[in-house]
Amino acid sequence: MPFNQKPQKFNAKINAVTVGTGDKAVVIGGNSTFPFYTFDNPTENAPKIGVEITDMGLDDFAPGIRAYYEGCTTMAEIAKKAAAMEGGDFVVLNLDGGDPNGANKSTEELIAVVKEVAEAIDCPLVVEGCKNVEKDAELLPKVAEALQGRNIIVLSEKEENYKAIGAAAGLAYGQIVGAESADDINLAKQLNVVTTQLGVDAKKIVMNVGTATVGYGYEYVVSTMDRIKGAALSQNDNMLQMPIITPVASETWGVKESVASEADMPEWGSEDERGIDMEVMTAAADLAAGSDAVILRHPQSVATIAKMIKALV
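Here my numbering is used: the first residue of the sequence shown is -4, the next is one more, and so on.
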């Protein structure tokens, strides 16, 4: 008996969110099928890849990543090199140095770094906070103000600071709000609801619903993303139709498989290759599960995931 394929059609779609301005702007989301289901409907916008850098420079990056940036001494030079990475679509500046329990850089110092990076590149920019909710509530509104007109994504707004960040980024300065929750469909939806209740346009919101490195409780990630995409498309839930952006690099380059030296674990093989493997596997799984954009560090990871996306869309 011949196989008669019946395409699965939805009357809903993921919001299309434009990041950046001008010719280099990219669109995240906008599709009406599950990830890579091109047999159901053509892909309108292929998933995008961000290249992560940090205000702390290159010292904490793996040797293979540092090698790519060899000769770069300023944040502007690092940003330009990141923007030129083959397969990348946008640059992500992580403001790790703002953490009060770490370097505790001042807001003024960090804003200077943000401006330096923004002026050095013409591609879209995403700015991520320091993961301290109080400091981010102070810092990220200033970031949104400093880059008014650049149409950046401000990561990450959380339940604890959504009023400060959502009101500033999404309303006062017209940026895109990155709503961050932790592997739970209900938390993700609730944050979108309260953000829109502030007056932020639902089509100016992207979601960071969390991730984990493959092998580290990753089934929760798959379940969350799959349920979100299913509710957004099959149930036409407009509070879950925001595209998903996933910071992969910050998770995968911190696990033991990526950081254990070859001297300590000679049986594991090359340290650099292990880190790349963890980053590529996690990014590929996130994209298959429902992410519309992933954030990576290593040039080989970026090139590999870009090739995968091109082959599947």
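Note that CB positions come from ideal geometry on N, CA and C, so glycine has one too.
Counting only runs of 3+ residues fully inside the segment 45 to 133, write out the beta strand (DSSP E) ranges in chain order.
85 to 89, 120 to 123
Measure the alpha-carbon distance for Val289 versus Gln0 and round it to whole angstroms.
The alpha-carbon atoms of Val289 and Gln0 are separated by roughly 31 Å.
Note down, in chain order, each residue of its chain lying with its Cβ closer than 8 Å to the Cβ of Gly264, except the 5 sequence neighbours on either side.
Hits under 8 Å: Glu257.
Going by beta carbon distance, what residues of the same chain come within less than 6 Å of Ile304, once the five residues before and after it are set aside?
Here the set comprises Ala41, Pro42.
Cβ of Ala7 within 8 Å of Cβ of Gln236?
yes
Just verifying my parser: in three-state terms, what is the DSSP assignment at Val189?
helix
Inter-residue spacing [alpha-carbon to alpha-carbon] between Ile106 and Ile171:
18 Å
Considering Cα atoms alone, identify which of Lys302, Val308, Leu307, Ala306 is closest to Glu81.
Lys302
Going by beta-carbon coordinates alone, are Val209 and Met260 separated by less than 8 Å?
no
Any idea if Ala174 is buried or exposed, counting beta-carbon neighbours within 10 angstroms, 16 or more meaning buried?
buried
Could you tell me which whole beta strand (DSSP E) segments of length 3 or greater appear in the segment 281 to 308?
288 to 291
When DSSP labels each residue in this structure, what does Leu150 get in the three-state scheme?
In the structure shown, Leu150 sits in a strand (DSSP, three-state: E or B).
Just the C-alpha distance for Ala306 and Glu65, rounded to the nearest angstrom, thanks.
31 Å
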